Structures are given as structure tokens and as C-alpha cells.
Amino acid sequence: MFRAGEIGDCLYMVHSGSVDILDSDEGHLAALGPGSVFGEIALISDTPRTATARSKSYSDLYALPKSDFLRIVDAYPDFKKHLEEIMNQRRGGSTQSRADAM
2 MFRAGEIGDC LYMVHSGSVD ILDSDEGHLA ALGPGSVFGE IALISDTPRT
52 ATARSKSYSD LYALPKSDFL RIVDAYPDFK KHLEEIMNQR RGGSTQSRAD
102 AM
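Set out below in C-alpha cells:
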């Protein structure tokens with residue numbers, strides 16, 4: 002789907018299949034399955050992608066373009082707050098995962 006360092010243009014949701022999330026060194030961060038959402042960090046923080054997302058097998062995904070995503074979070078501040086909490090947990094988890102690997 003995307004590589005770390007790329008500009009974020011969509012939020013993704015896994016409908017079927019599975020997606021691996023990898024850090025910039027290709028270290029495994031997470032395995033996502035149906036119902037999982039990813040790609041929000043780059044959209045909320047307006048920064049390049051912090052991780053790589055790669056399909057493990059054939060997967061069906063829904064993609065929400067950045068412009069639509071931003072309209073939704075502007076219209077629903079509680080949703081934006083919830084996503085920011087998830088983003089902070091993921092960023093903290095990524096840092097912790099790297100520290101644990103050392």
C-alpha cells in the first residue's frame with residue numbers, strides 16, 4: 002500500500018485479508034486483519050508515512066481519500082480526538098517496540 006517516508010493520501014480499512022505494518026528498517030510492528038484501520042498518522046499529523054504497509058496475501062481494502070477524511074474529522078471533533086489518541090498509542094508503541102528490540 003505504502004512505504005515509510007511517502008506522503009499520506011488515504012486512510013485504509015482492511016475488509017478481508019491481512020496487512021503487515023513494518024518500521025523503516027522493515028521490522029515487524031503489527032499484523033492487521035479485517036476491521037483494522039491504518040494510515041491515519043500521516044493524515045492527522047500532515048507528515049510523511051511513519052511505517053510501511055504491505056499486504057501479506059490477497060486483501061480487500063477500503064481507501065478513504067485525505068480530503069474526505071479531513072472533512073469527517075472536522076465535522077466530528079470527538080472522532081478526531083479518538084484518532085489522535087490511537088495515533089499517540091501507535092507512535093508510543095513503535096518507539097517501545099524498537100527499544101525492546103535493542
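According to the numbering used here, the sequence shown holds residues 2 to 103 in order. Built from N, CA and C at the ideal position, the CB exists for glycine as well. All values derive from a computational prediction rather than experimental measurement.
Helix, strand or coil for residue i per DSSP?
i, result
"R4", "coil"
"D21", "strand"
"P49", "coil"
"P78", "helix"
"D69", "helix"
Can you give me the C-alpha to C-alpha distance between residue i and residue j, rounded to a whole angstrom?
i, j, result
"M2", "S56", "7 Å"
"D79", "E86", "11 Å"
"S25", "Y77", "32 Å"
"I45", "R72", "12 Å"
"I8", "S68", "14 Å"
Taking Cβ positions only, does residue i come closer than 7 Å to chain C?
i, result
"D69", "Given the protein chain composition of this structure (a single chain), no chain C is represented."
Would you mind stating whether residue i and residue j have Cβ atoms separated by less than 7 Å?
i, j, result
"I42", "M14", "no"
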